[in-house]
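The structure appears below as structure tokens.
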Amino acid sequence: MDNRLLETLACPACKGPLEYREREQELVCQGERLAYRIVDDIPIMLASEARQLSQSEAG
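With this note's numbering as the guide, the letters of the sequence shown map in order to residues 1 to 59.
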């Protein structure tokens with residue numbers, strides 16, 4: 001994931017910062033506890049497509 005792109009992206013639900021998790025290929029919003037998939041280097045930034053994080057993942 002390009003760092004410049006990561007700096008410009010925000011969570012579509014709360015406009016908060018996102019954390020890149022390379023191993024999982026996801027962008028994570030800790031505030032909303034949502035994980036957005038990255039498919040072929042393209043982040044899927046739809047809240048309706050995001051995965052809800054479990055308690056253990058959110059920490």
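Where is the CB? At the ideal position from N, CA and C, for every residue including glycine.
CA-CA distance, E26 to C11, rounds to 12 Å. Distances from the alpha-carbon of Q52 to those of R37, R23 and P43 put R37 closest.
DSSP, read as helix, strand or coil, puts R33 in coil. With a threshold of 16 other beta carbon atoms within 10 Å, A35 meets it and is buried. Per DSSP, the beta-bridge partners of R51 are A35.
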